[in-house]
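K.L.:
Heads up: the sequence shown runs through residues -4 to 88, numbered per my numbering. First the structure, which I've put down as structure tokens, then a few questions once you've had a look.
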Amino acid sequence: MLSTNTYFDGKVVSIAFETPEGPATSGVMLPGEFTFGTSQNERMIMTAGQLTVRLPGQDDWTAFPAGTEFNITAGDSFDARIETPTAYLCYYS
């Protein structure tokens, strides 16, 4: 079953679904700056565009273009900057 979530006044939209590996979301982020909190471990895979993030405990921003990924631990948050429409796939554990 699919469920849709919309965040930040419609600038981030995700579709949740189940995979053999567990829960996942696929989504699109429009340009803007956002802070995302996590309740589970997340593996973020960029599929189009580029997401620039400031990971927990870091002062510097890191760019993740399509084809790259990063991990976030449950209970952490990260800041994100998006300059062009960007798509992602996120696995939760």
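Ideal placement from N, C-alpha and C gives every residue a C-beta, glycine not left out. For clarity, every value in this text was computed on a predicted model and none was experimentally measured.
#1: Does the region 64 to 81 come within contact of the region 21 to 39, defined as at least 3 CB pairs closer than 8 Å?
#2: Taking a contact to mean a Cβ-Cβ separation below 8 Å, would you say G82 touches T42 in this structure?
#3: Can you tell which of V48, E28, T14 has the C-alpha that lies nearest to the C-alpha of V7?
#4: Just to confirm the assignment, what range does the beta strand (DSSP E) spanning N36 have?
#5: What does DSSP give as the partner residue(s) for Q45 in the beta ladder?
#6: Based on Cα-Cα distance, which residue from P26, Y2, A58 lies nearest to I77?
#7: In angstroms, rounded to a whole number, what distance separates the CA positions of E64 and T20?
#8: In angstroms with no decimal places, state the Cα-to-Cα distance between I10 and P18.
P.N.:
Reading it off the structure:
#1: yes
#2: As a position in the sequence shown, residue 82 is number 87, starting the count at 1. As a position in the sequence shown, residue 42 is number 47, starting the count at 1. Residue 82 is actually Ala in this sequence, not Gly. Cβ atoms of A82 and T42: closer than 8 Å.
#3: Working through the sequence shown from its first residue, we reach residue 7 at position 12. Comparing Cα-Cα distances from V7 to each of V48, E28, T14, the minimum goes to E28.
#4: By 1-based counting over the sequence shown, the position of residue 36 is 41. That residue, N36, is in no beta strand (DSSP E); it is neither H nor E in DSSP.
#5: The residue labelled residue 45 in the question sits at position 50 within the sequence shown. For Q45, which the question treats as bridged, DSSP gives the partners P60.
#6: The count along the sequence shown starts at 1 and reaches residue 77 at position 82. It is P26.
#7: Looking up residue 64 in the sequence shown gives position 69. Looking up residue 20 in the sequence shown gives position 25. Rounded to the nearest angstrom, the two C-alpha atoms are 14 Å apart.
#8: As a working mapping, residue 10 is identified with position 15 in the sequence shown. As a working mapping, residue 18 is identified with position 23 in the sequence shown. Roughly 11 Å separates the two Cα atoms.
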